[in-house]
Amino acid sequence: MADYDLNSDQTQTYVYACLAGVAVNSLLKQTGIKFGVKFANGVIKKIPGKVLRRLSRRLISDLLRNLVQKEL
Numbered sequence: 034m035a036d037y038d039l040n041s042d043q044t045q046t047y048v049y050a051c052l053a054g055v056a057v058n059s060l061l062k063q064t065g066i067k068f069g070v071k072f073a074n075g076v077i078k079k080i081p082g083k084v085l086r087r088l089s090r091r092l093i094s095d096l097l098r099n100l101v102q103k104e105l
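Heads up: the sequence shown is residues 34 to 105, going by our numbering.
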């Protein structure tokens, strides 16, 4: 490993710190994803039903319009 003594305490500490950093990074990534999903679901649940119906109608009409335009 680039002239480092693998048996020295300094090198071993550095290697362990790097490995721990990778594990912590992965853990934080998963935690962030779970938080984001729960947060988004909470926000969506607070949207009134009328708004969701209007969005749904708008989305369906846009999809149908695009489909018809592609057919022509």
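Quick reminder that beta carbons are idealized off the backbone N, C-alpha and C, glycines included.
Assumed close pair residue i, residue j - CB separation to whole angstroms, cut-off 8 Å
i, j, result
"D38", "T44", "6 Å"
Secondary structure of residue i, DSSP reduced to three states
i, result
"I80", "coil"
"Y47", "helix"
8 Å CB neighbourhood of residue i in its chain, flanking five on each side removed
i, result
"R86", "none"
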